[in-house]
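Structure first, then comments.
There are 2 protein chains.
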Amino acid sequence: MPRRPKNEDSDATRAKLLEAASLVFAELGFRAATVREICARAGTNVASVNYHFGDKLGLYTEVLKDSSAPEVQNRIRSAISGASSTEEQLSIFVRGMFDKILGSNRPAHRLKIMLQEMANPTPALAIVVDEVIRPQYNQLCKVISLEIGMSPKSTATRLCVHSLIGQVAHYMHARAVMSQLWPQFQMDAEQADEVARHIVRFTLAGLASAKFASEDKKKVTRHERPTNYRQSAEGQGKSAGKT
Amino acid sequence: MPRRPKNEDSDATRAKLLEAASLVFAELGFRAATVREICARAGTNVASVNYHFGDKLGLYTEVLKDSSAPEVQNRIRSAISGASSTEEQLSIFVRGMFDKILGSNRPAHRLKIMLQEMANPTPALAIVVDEVIRPQYNQLCKVISLEIGMSPKSTATRLCVHSLIGQVAHYMHARAVMSQLWPQFQMDAEQADEVARHIVRFTLAGLASAKFASEDKKKVTRHERPTNYRQSAEGQGKSAGKT
DNA sequence: GACCGATTCAAACAACTGTTTTAAACTTCC
DNA sequence: GGAAGTTTAAAACAGTTGTTTGAATCGGTC
Chain A
122 MPRRPKNEDS DATRAKLLEA ASLVFAELGF RAATVREICA RAGTNVASVN
172 YHFGDKLGLY TEVLKDSSAP EVQNRIRSAI SGASSTEEQL SIFVRGMFDK
222 ILGSNRPAHR LKIMLQEMAN PTPALAIVVD EVIRPQYNQL CKVISLEIGM
272 SPKSTATRLC VHSLIGQVAH YMHARAVMSQ LWPQFQMDAE QADEVARHIV
322 RFTLAGLASA KFASEDKKKV TRHERPTNYR QSAEGQGKSA GKT
Chain B
122 MPRRPKNEDS DATRAKLLEA ASLVFAELGF RAATVREICA RAGTNVASVN
172 YHFGDKLGLY TEVLKDSSAP EVQNRIRSAI SGASSTEEQL SIFVRGMFDK
222 ILGSNRPAHR LKIMLQEMAN PTPALAIVVD EVIRPQYNQL CKVISLEIGM
272 SPKSTATRLC VHSLIGQVAH YMHARAVMSQ LWPQFQMDAE QADEVARHIV
322 RFTLAGLASA KFASEDKKKV TRHERPTNYR QSAEGQGKSA GKT
């Protein structure tokens, strides 16, 4: 059982362990990552993980919590709510996500850990979804619901949100395949910018089509969730500005 | 070193191993899956994997090749080349992919193995990319290049292809998260159909915008971040070009 | 029945895993 | 300086991993 560290030196190795662990976990995932590899990169002893975090899972949980790092997410969220047009909001979101992917200074691997957790979930996923993903998701739903004139919880809105997120997440998930199919693409800053502009344009056009489709849908009356939304008066104007 | 199996009994255990391995690999991924677990489910001896497939990676490679479902892939490809409109081609592709995801008759775990391999690649990925993914990718590039009027190898074409694939793949990768964010969505056959229709419509609209953008790109040489332009629903071809 | 190659099996192997132990080194306060 | 408590270090532990071994079994042929 672990004792409580109290010294300042202790905090230093703790931080080194967290830093190294985020790298290794991002590369290999929880199971394939080894404590020895983490300690080797951190320059600490093999026993340090168990001393400071109890066990490997304790370290991973800490890394995952840190990976959910609300500061970037909150920065994106506040930037979106401060934006004036839908295009600007989407652009902020996409670039913010790519910054998290590429961010060479700080948390480049955080999102990768998150995505790997999504692909191969552990019990810790529920916490991350509630604390980090859901607020972002809800905000995206709001933005897009205003754009297409449907309820934030409607199927039409959610399908559009998934189309947006899917495009962004794809550049994380499919990286290995893309490097083989498209060797020239290295996802540097300039290319990331180009991709971001593409996704924003592509998505805006898709949203417009979804808007028309949902207008058609209202008279056809397919089987839909029994939610009675009636908000066509409010959010009809696109890019409903807010402060 | 493995000898060559020639008997009929041998083929039976080979098949049992492949069947069990596809399940275990889908659940745990290559690294976390254990040979002993696979052999236990297959009801074979621990040494059978090495005897029939050389080593664990050999078995995994075989499973991965089968998981990319060449027969489905070929069916999709021939259906696409027989289709008349871009919309029909996209629809065939998206529905074909979703059939692979949902395919209740055949192993539904195939695509999951593929996506897990993409997220956390092994040496076997290169083979699958060359043999299965690349042909499909090239065909999609052709279809979309014709639609947007750009070269199949151009960046504009590839970005659109990735937007399409990303939307589809998202419904595999984010399954665990979506079940928490959107509990009503179960990805049954009917909902899959709705998603497919959405993706086709969304993508067609996105392609149209990419077409306009690439046309603009040829004459405009302004570089600036897209701020709040006046955006009309159907034609916004004013993303600034780069370089 | 005896031979022979192909296949299966139980057991063991060497390497690696997370974890624990034990002692040394260090900090802090008297 | 010395004692107490905290942190690190090397080594060993018990368990699991993929793989190999060598004998046993099977199926067919002479």
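Protein sequences, first through last, are from chains A and B. Sequential numbering from 122 applies to the first sequence in my numbering. Sequential numbering from 122 applies to the second sequence in my numbering. C-beta: ideal position from N, C-alpha, C; glycine also. Computed from a predicted structure; not experimentally measured.
SER206 (chain A) and LYS263 (chain B) have their C-alpha atoms spaced approximately 34 Å apart. Membership of ILE197 (chain B) in the alpha helix (DSSP H) is indicated by the continuous run 191-203. When secondary structure is reduced to three states using DSSP, LYS274 (chain A) falls in the coil class, being assigned neither helix nor strand. When CB distances to chain A are screened at a threshold of 8 Å, the residues of the stretch 253-276 of chain B falling below it are ILE254, ARG255, TYR258 and THR276, in chain order. When A:GLU148, A:ALA147 and A:SER169 are compared, the shortest CA-CA separation from VAL156 (chain A) is found for A:SER169. What GLN288 (chain A) touches in chain B, judged by beta-carbon distance under 7 Å, is SER284, GLY287 and GLN288, going in chain order. In the structure shown, the three-state DSSP call for PRO256 (chain A) is helix.
Under the Cβ criterion of 8 Å, GLN237 (chain A) is counted among the residues facing chain B.
About 11 Å separates the beta carbons of VAL282 (chain B) and LEU211 (chain B), which is beyond the 8 Å limit, so they are not a contact pair. DSSP, read as helix, strand or coil, puts ASP132 (chain A) in helix.
Interface residue (Cβ-Cβ distance to chain A less than 8 Å): LEU280 (chain B) is classified as such. With a threshold of 8 Å between beta carbons, PRO304 (chain A) makes no contact with chain B. Within chain A, the residues placing a beta-carbon under 8 Å from that of ARG152 (chain B) are LEU149, GLY150, ARG152 and ALA153, ordered along the chain.
PHE174 (chain B) sits away from ALA313 (chain B), with the two beta carbons spaced by 8 Å or more. Proximity of chain A to PHE146 (chain B) at the Cβ level (cut-off 8 Å) is not reached, the minimal Cβ distance being about 12 Å. Shown here is that no member of the stretch 176-210 of chain B has a Cβ falling below 7 Å from a Cβ of chain A.
Of all residues in the stretch 311-328 of chain A, those with a C-beta nearer than 9 Å to a C-beta of chain B are GLU311, GLN312, ASP314, GLU315, VAL316, ARG318, HIS319, ILE320, VAL321, ARG322, PHE323, THR324, LEU325, ALA326, GLY327 and LEU328, reading in chain order. Among the residues facing chain B, SER330 (chain A) is included, as its CB has a counterpart in that chain under 8 Å away.
Distances from the alpha-carbon of LYS137 (chain B) to those of B:CYS160, B:ALA153 and B:ALA154 put B:CYS160 closest.
Under the 8 Å criterion on CB atoms, VAL156 (chain A) is classed as non-interfacial with respect to chain B.
Neighbourhood of PRO242 (chain B) in chain A, by CB distance below 7 Å: ALA297, in chain order. Assignment of ASN241 (chain B) by DSSP, reduced to helix, strand and coil, places it in the coil class. A contact between stretches requires three or more CB pairs, one per stretch, nearer than 8 Å, and the stretch 273-290 of chain B fails this requirement with the stretch 191-208 of chain B. Between LEU285 (chain B) and THR324 (chain B), the C-beta gap is smaller than 8 Å, which places the two residues in contact. Burial is judged here by how many other beta carbons sit within 10 angstroms of a residue's own beta carbon; LEU144 (chain A) has at least 16 and is buried. Assignment of ALA168 (chain A) by DSSP, reduced to helix, strand and coil, places it in the coil class.
Between the beta-carbon of GLU238 (chain A) and that of LEU302 (chain A) there is about 26 Å, and that puts the pair past the 8 Å contact cut. Assignment of GLY287 (chain A) by DSSP, reduced to helix, strand and coil, places it in the helix class. Residues of chain A with a Cβ closer than 7 Å to the Cβ of VAL215 (chain B) do not exist, since the nearest Cβ in that chain sits about 12 Å away.
Under the Cβ criterion of 8 Å, GLN301 (chain A) is counted among the residues facing chain B. Within chain B, the residues whose beta carbon sits less than 8 Å from that of ALA247 (chain A) are GLN301, listed in sequence order. ALA190 (chain B) places its beta carbon less than 8 Å from that of LYS221 (chain B).
Interface residue (Cβ-Cβ distance to chain A less than 8 Å): HIS230 (chain B) is not classified as such.
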